[in-house]
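>
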Amino acid sequence: MKMEAVVCDAVAHLTPYLPGKPIETLQRELGLTEIIKLASNENPLGASPLAQNALTTALTELHRYPDGSGFLLRQALAGKFNLQAGQITLGNGSNDVLDLIARTFLTTGCNAVFSEQAFAIYPIVTQAVGAQARVAKAYPADHAMPYGHDLDALLAQVDEKTRLIFIANPNNPTGTWFERPALLDFLQAVPEQVVVVLDEAYTEYVEDDNFPDGLALLAQFPNLIVSRTFSKIYGLAGLRCGYAASSAEIADYLNRIRQPFNVNSLALAAATAALGDDDFVQRSAEHNRLGLKQLRDGVRALALSGLPSVANFITVDLNQVAQPVFAALLKKGVIVRPVANYGLPNHLRISVGLPEENRRCLAALAEVLA
Ligand SMILES: *Cc1c(COP(=O)(O)O)cnc(C)c1O
């Protein structure tokens with residue numbers, strides 16, 4: 000039997016998520032050693048040392064189910080951000096949280112609005128539940144925020160069937176951002192029955208004083224959900240832990256459909272410890288600032304330009320089709336990220352690595368382009 004006949008139409012038409020190539024995969028394929036991966040916006044400094052210590056203790060309890068309520072982590076988040084624990088929803092990575100949000104608010108006959116060049120998970124979770132995607136034009140290539148979110152264009156896509164708007168600040172794969180006044184104007188203009196999902200996966204990296212803190216806006220906007228993650232600056236991508244902060248009312252709905260043990264015990268322990276590791280977060284942000292500059296200067300020296308970015312990556316315009324360059328870099332043991340699936344066929348996204356990794360990546364890029 001052909002499964003096509005019975006698979007949900009929406010699922011049959013889904014384009015799967017394309018993850019960064021794992022180091023072991025490239026090792027297997029090309030037999031290379033000394034591979035560097037700058038493809039998934041991971042923390043090059045590794046995981047928070049406090050998190051690593053917490054894992055040692057948590058290992059003795061592997062035979063127990065995790066605390067399905069994530070009590071300690073939600074308490075810690077609430078304490079740190081001046082929220083109530085009841086406002087927090089934990090996820091198996093923030094992608095899980097985005098999926099919970101889609102399943103809570105979307106169904107067939109309604110739609111979600113997001114931008115061109117927005118994070119790839121938004122269309123997947125929207126389509127997976129049979130809802131429509133309404134895609135707003137991003138800013139043009141010659142704008143100060145090339146391919147960035149045009150908040151007015153997003154608003155213009157909202158209709159009576161819109162339940163959700165997904166925005167990321169800063170955005171992946173562009174690194175572009177919007178400042179506090181623009182976000183406030185936007186939130187004030189969004190109809191109150193439309194829920195805004197503000198994805199702040201990279202917010203801890205941003206050092207700009209005019210950059211908005213979504214958590215500080217929750218009290219003012221009951222239709223706002225902020226999602227954050229332990230995968231990026233906290234260095235815990237492999238453990239899968241993220242969270243949403245919202246009104247307690249929204250959190251109650253999200254938690255109704257959450258799998259009871261969606262965040263495992265190691266992830267809970269590590270995330271709770273990492274949250275208190277201000278020193279590691281600060282070191283990581285400083286390291287990133289220098290690395291971003293190293294990559295930006297290096298790219299400029301090759302007469303190329305990167306999109307403006309306040310995240311931990313830079314997306315570079317190669318002025319030519321990027322796929323062959325990506326493939327040639329792989330042969331040199333350098334994994335970066337093609338972004339043709341985001342409508343940017345001439346760009347490559349490069350995550351900030353250790354200084355030596357950045358140097359090697361830039362040197363390999365220079366050789367490939369020569
Ligand atoms: C990396 C990233 C996430 C985080 O994903 P996790 O599931 O928490 O690992 C969320 N949103 C954006 C825009 C990202 O780039």
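Just so it is clear: in the sequence shown, position 351 is 350 by numbering that gives the first Met the number 0, and no numbers are missing. C-beta: ideal position from N, C-alpha, C; glycine also. Fair warning: this is a prediction, and the values are worked out from it, not measured in the lab.
1) By how many angstroms is the C-alpha of Ala-111 removed from the C-alpha of Tyr-146?
2) Starting from the C-beta of Glu-23, find all residues in its chain whose C-beta is less than 7 Å away, skip the five residues before and the five after it, and write them out in chain order.
3) Skipping 5 residues on each side, what residues in its chain have a beta carbon closer than 6 Å to that of Leu-186?
4) Please check the pair Ala-245 and Leu-289, which I expect to be a contact at CB under 8 Å, by giving their CB distance rounded to whole angstroms.
5) Taking the Cβ atom as the reference point for each residue, do Pro-122 and Ala-132 lie within a distance shorter than 8 Å?
6) As a quick exercise: from Tyr-252, Thr-125, Gly-30 and Asp-95, pick the residue whose alpha carbon is nearest that of Thr-14.
7) What separation, rounded to the nearest whole angstrom, lies between the Cα atoms of Pro-65 and Gly-297?
8) Using 8 Å as the threshold, is the stretch 342 to 359 in touch with the stretch 317 to 324, meaning 3 or more CB pairs across them?
9) For Ile-334, count the other beta carbons within 10 Å of its own beta carbon; 16 or more makes it buried, fewer makes it exposed. Which is it?
10) Let's see if you can read the secondary structure: which residues bound the beta strand (DSSP E) around Asp-316?
11) In whole angstroms, what is the alpha-carbon distance linking Leu-291 and Asn-311?
12) Could you tell me if His-148 is buried or exposed, where buried requires 16 or more neighbouring beta carbons within 10 angstroms of its beta carbon?
13) Which residues, in chain order, sit with a beta-carbon under 5 Å away from any heavy atom of ligand 1?
14) Can you give the beta carbon distance from Val-193 to Ile-224, rounded, assuming they're within the 8 Å contact cut?
15) Would you call the stretch 63 to 78 and the stretch 281 to 288 in contact, with 3 or more CB pairs under 8 Å?
16) How far does the alpha helix (DSSP H) with Gln-116 in it extend, from its first residue to its last?
17) With DSSP collapsed to three states, give me the class of His-62.
18) What residues in its chain sit with their C-beta under 8 Å from that of Asn-52, if we drop five residues either side in the sequence?
19) Closest to Asp-207 by CA distance: which of Tyr-233, Gly-234, Leu-49 and Trp-176 is it?
Let me lay it out:
1) In a straight line, the C-alpha of Tyr-146 is about 19 Å away from that of Ala-111.
2) none
3) Phe-220
4) Inspection of the sequence shows that residue 245 is occupied by Ser rather than by Ala. Not a contact, Cβ separation roughly 35 Å.
5) It is a contact, given that the beta carbons lie within the stated cut-off.
6) Thr-125
7) So the two alpha carbons sit approximately 46 Å from each other.
8) yes
9) buried
10) 312 to 316
11) Each residue's alpha carbon lies about 7 Å from the other.
12) buried
13) For ligand 1, the selected residues are Gly-92, Ser-93, Asn-94, Phe-118, Ala-167, Asn-171, Asp-198, Ala-200, Thr-228, Ser-230 and Gly-241.
14) Between the beta-carbon of Val-193 and that of Ile-224 there is about 12 Å, and that puts the pair past the 8 Å contact cut.
15) no
16) Taken as a continuous stretch (DSSP letters only), Gln-116 belongs to no alpha helix (DSSP H), as it is neither H nor E.
17) coil
18) Ala-272
19) Trp-176
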